[in-house]
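Asker: The opening residue of the sequence shown carries number 1 in UniProt numbering; numbering runs sequentially from there.
Ideal placement from N, C-alpha and C gives every residue a C-beta, glycine not left out.
Sharing a structure here in structure tokens format.
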Amino acid sequence: MKKTVWIVVANRGVARLFQATQATGPLEELEAFIHPEARLRDRDLVSDRPGRGFERAGPGSHAEEPDSSVAEVEAGQFALELSRFLLKGHGDGRFDMLVLMAAPAFLGALRDRLGGAMKNHILLELAKNLPHADAATVRSYLPERLYSTVGG
């Protein structure tokens, strides 16, 4: 049985979507996604200074550090945007299986946002930062046979 596999190659600022329609065939690029906010520094994204916190004892105060950097928040937004696209694509029957190839920190963010609904459809996860690689290079990191064919 012929299956369609989507391969997402991403980091926090760029993602490319490839498709394989044969277990041992080449990849075809379908889409590219860019999230320019992820490439900016925190100071470029935030216009004001950090808030002030006061010491529990004494008159001193200090600058408050945010729980997460703006870049991390932007990466999470991009992961959410990609996951919504992938969930819709799967719901529309555009692919059967999914390969995630992403920079290590972004791979976790993307996996978290995909949630349990896609877990059984993820064929492979690779912690590689290759969103600028060509299709042949991406294919070289994948198994020779992406999936097994049952009954033919």
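Assign residue 20 to one of three DSSP states: helix, strand, or coil.
Answerer: If DSSP states are grouped into helix, strand and coil, residue 20 belongs with the strands.
Asker: Answer with buried or exposed for residue 104, where buried requires no fewer than 16 other C-beta atoms within 10 angstroms of its C-beta.
Answerer: The residue in question, residue 104, is exposed, as its Cβ has fewer than 16 Cβ neighbours within 10 Å.
Asker: By Cβ distance below 6 Å, which residues in the same chain neighbour residue 98 in space, the five residues on each side in sequence not counted?
Answerer: So the qualifying residues of the chain are 6, 121 and 122.
Asker: Take the Cβ of residue 136 as the centre, count every other Cβ of all protein chains shown within 10 Å, and call the residue buried at 16 or more, exposed below.
Answerer: Residue 136 is exposed by the Cβ-count criterion.
Asker: Since residue 23 and residue 147 are thought to touch, with beta carbons under 8 Å apart, how far apart are those beta carbons, to the nearest angstrom?
Answerer: Indeed they touch by this definition, with Cβ atoms about 5 Å apart.
Asker: Measure the Cβ-Cβ separation of residue 85 and residue 12 and say whether it is below 8 Å.
Answerer: Cβ distance not < 8 Å, so residue 85 and residue 12 don't count as in contact.
Asker: Identify the residues that DSSP records as bridge partners of residue 126: which are they?
Answerer: Per DSSP, 101.
Asker: Which stretch, first to last residue, makes up the alpha helix (DSSP H) that contains residue 117?
Answerer: Premise fails: residue 117 is in no alpha helix (DSSP H) and is neither H nor E.
Asker: Look up residue 42 in the DSSP assignment and say whether it is helix, strand or coil.
Answerer: Because residue 42 carries a pLDDT of 49, less than 50, the predicted location of this residue cannot be relied on, and the following value inherits that uncertainty. Residue state, collapsed to three classes: helix.
Asker: Taking the alpha-carbon positions, what's the residue 95 to residue 69 distance?
Answerer: If I take the Cα positions, the gap works out to 34 Å.
Asker: Using a Cβ-based criterion (distance less than 7 Å to any ligand heavy atom), does residue 100 qualify as near the ligand COA?
Answerer: What this structure holds is no ligand at all, so the ligand COA is not there to describe.
Asker: Use the C-beta contact count for residue 83: other C-beta atoms within 10 angstroms, 16 or more gives buried, fewer gives exposed.
Answerer: Buried, because 16 or more other Cβ atoms sit within 10 Å of the Cβ of residue 83.
Asker: What would DSSP say about residue 137, mapped onto helix, strand or coil?
Answerer: In the structure shown, residue 137 sits in a helix (DSSP, three-state: H, G or I).
Asker: Would you say residue 75 and residue 106 are within 8 Å of each other, going by their C-beta atoms?
Answerer: Against a cut-off of 8 Å, the Cβ pair of residue 106 and residue 75 comes out as a contact.
Asker: Kindly list the residues whose CB is nearer than 8 Å to the CB of residue 112, restricted to its own chain and excluding five residues on each side of it in sequence; keep chain order.
Answerer: Excluding positions up to five away in sequence, the list reads 79.
Asker: Would you report the Cα separation of residue 37 and residue 25, rounded to the nearest angstrom?
Answerer: Straight-line Cα distance between these residues: approximately 35 Å.
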